[in-house]
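Using my numbering, read the sequence shown as starting at 548 and increasing by one per residue. C-beta: ideal position from N, C-alpha, C; glycine also. Predicted model only: the values in this text are computed from it and were never measured. Some notes on the structure that comes next.
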Amino acid sequence: MAIIGMKVPARGEIFRPGGITTMTEAMSYVLTLPVSTIIVGISKLEELEENVRIAKNFTPLSGEQMGRLEKLTLPYFAEASFFKDKW
(Lines of atoms letter the chains of each structure in order from A and count residues from 1; the text may use other names and numbers.)
(Lines give C-alpha, C1' and ligand atoms only; values in the text may rest on other atoms or scores of the structure.)
Protein backbone atom coordinates (compact mmCIF):
# COMPACT_ATOMS: atom_id res chain seq x y z
CA MET A 1 0.00 0.00 0.00
CA ALA A 2 1.25 3.48 -0.83
CA ILE A 3 0.55 6.63 1.12
CA ILE A 4 0.16 9.89 -0.78
CA GLY A 5 0.77 13.21 0.96
CA MET A 6 -1.62 15.90 -0.24
CA LYS A 7 -2.28 19.54 0.65
CA VAL A 8 1.34 19.92 1.77
CA PRO A 9 1.06 23.68 2.41
CA ALA A 10 -2.61 23.33 3.47
CA ARG A 11 -3.62 25.82 0.77
CA GLY A 12 -1.21 28.30 2.28
CA GLU A 13 -2.76 28.06 5.75
CA ILE A 14 0.52 26.97 7.36
CA PHE A 15 2.58 29.90 6.09
CA ARG A 16 2.45 32.46 8.90
CA PRO A 17 4.86 34.93 10.48
CA GLY A 18 6.47 33.12 13.40
CA GLY A 19 5.42 29.78 11.94
CA ILE A 20 6.40 27.79 8.89
CA THR A 21 7.51 30.32 6.30
CA THR A 22 9.00 28.26 3.46
CA MET A 23 7.96 25.49 1.14
CA THR A 24 11.23 23.76 2.04
CA GLU A 25 10.03 23.39 5.63
CA ALA A 26 6.58 22.19 4.56
CA MET A 27 7.80 19.68 1.98
CA SER A 28 10.65 18.41 4.15
CA TYR A 29 8.23 17.76 7.02
CA VAL A 30 5.84 15.75 4.84
CA LEU A 31 8.60 13.90 2.97
CA THR A 32 10.08 12.81 6.31
CA LEU A 33 6.80 11.03 7.10
CA PRO A 34 6.30 7.49 5.70
CA VAL A 35 4.76 8.63 2.40
CA SER A 36 5.38 7.22 -1.07
CA THR A 37 4.77 10.48 -2.89
CA ILE A 38 3.35 13.94 -2.38
CA ILE A 39 1.05 16.03 -4.55
CA VAL A 40 1.75 19.74 -4.51
CA GLY A 41 -0.26 22.25 -6.50
CA ILE A 42 1.38 25.19 -8.23
CA SER A 43 0.18 28.41 -9.80
CA LYS A 44 3.32 29.32 -11.72
CA LEU A 45 6.37 27.66 -13.24
CA GLU A 46 8.72 29.08 -10.60
CA GLU A 47 6.85 27.17 -7.89
CA LEU A 48 7.29 23.92 -9.82
CA GLU A 49 11.01 24.59 -10.22
CA GLU A 50 11.32 25.34 -6.50
CA ASN A 51 9.44 22.15 -5.55
CA VAL A 52 11.67 20.03 -7.81
CA ARG A 53 14.77 21.61 -6.26
CA ILE A 54 13.46 20.91 -2.75
CA ALA A 55 12.70 17.28 -3.62
CA LYS A 56 16.10 16.73 -5.25
CA ASN A 57 17.94 18.14 -2.23
CA PHE A 58 15.72 16.51 0.39
CA THR A 59 17.20 14.82 3.44
CA PRO A 60 14.94 13.52 6.23
CA LEU A 61 14.45 15.81 9.21
CA SER A 62 15.51 14.75 12.69
CA GLY A 63 12.94 14.19 15.41
CA GLU A 64 13.98 17.51 16.92
CA GLN A 65 13.43 19.34 13.62
CA MET A 66 10.03 17.68 13.16
CA GLY A 67 9.02 18.69 16.68
CA ARG A 68 10.09 22.29 16.08
CA LEU A 69 7.88 22.54 12.97
CA GLU A 70 4.96 20.93 14.80
CA LYS A 71 5.25 23.50 17.59
CA LEU A 72 5.30 26.33 15.04
CA THR A 73 1.97 25.21 13.57
CA LEU A 74 0.23 24.39 16.84
CA PRO A 75 -1.43 27.83 17.24
CA TYR A 76 -3.30 27.41 13.94
CA PHE A 77 -3.64 23.63 13.78
CA ALA A 78 -7.44 23.76 13.42
CA GLU A 79 -7.29 26.19 10.50
CA ALA A 80 -4.62 24.16 8.71
CA SER A 81 -6.70 21.00 9.21
CA PHE A 82 -9.66 22.46 7.30
CA PHE A 83 -10.00 19.34 5.16
CA LYS A 84 -10.31 16.77 7.95
CA ASP A 85 -14.01 17.34 8.63
CA LYS A 86 -14.78 16.63 4.97
CA TRP A 87 -13.99 12.91 5.30
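Rounded distance between the beta-carbons of residue j and residue i, thought under 8 Å
i      : j      : result
Ala602 : Met570 : With a Cβ gap of about 11 Å, Ala602 and Met570 do not count as contacting.
Endpoints, the alpha helix (DSSP H) within which residue i is located
i      : result
Thr571 : Met570 to Thr579
Asn598 : Leu592 to Lys603
Lys618 : Gly610 to Thr620
Inter-residue spacing [alpha-carbon to alpha-carbon] between residue i and residue j
i      : j      : result
Ser590 : Val555 : 14 Å
Thr579 : Gly610 : 10 Å
Gln612 : Ala549 : 25 Å
Glu625 : Ile561 : The displayed chain sequence assigns Ala, not Glu, to residue 625. Distance between the alpha carbons of Ala625 and Ile561 is about 11 Å.
Pick from the options that is closest to residue i, judged by C-alpha positions
i      : options                           : result
Val587 : Arg600, Glu593, Met553 and Ala625 : Met553
Tyr576 : Arg563, Thr606, Glu594 and Leu592 : Thr606
Neighbourhood of residue i by C-beta, 8 Å cutoff - its chain only, sequence neighbours within 5 removed
i      : result
Asn598 : Met570, Met574, Val587 and Ile589
Ile551 : Val582, Ser583, Thr584, Ile585 and Ile586
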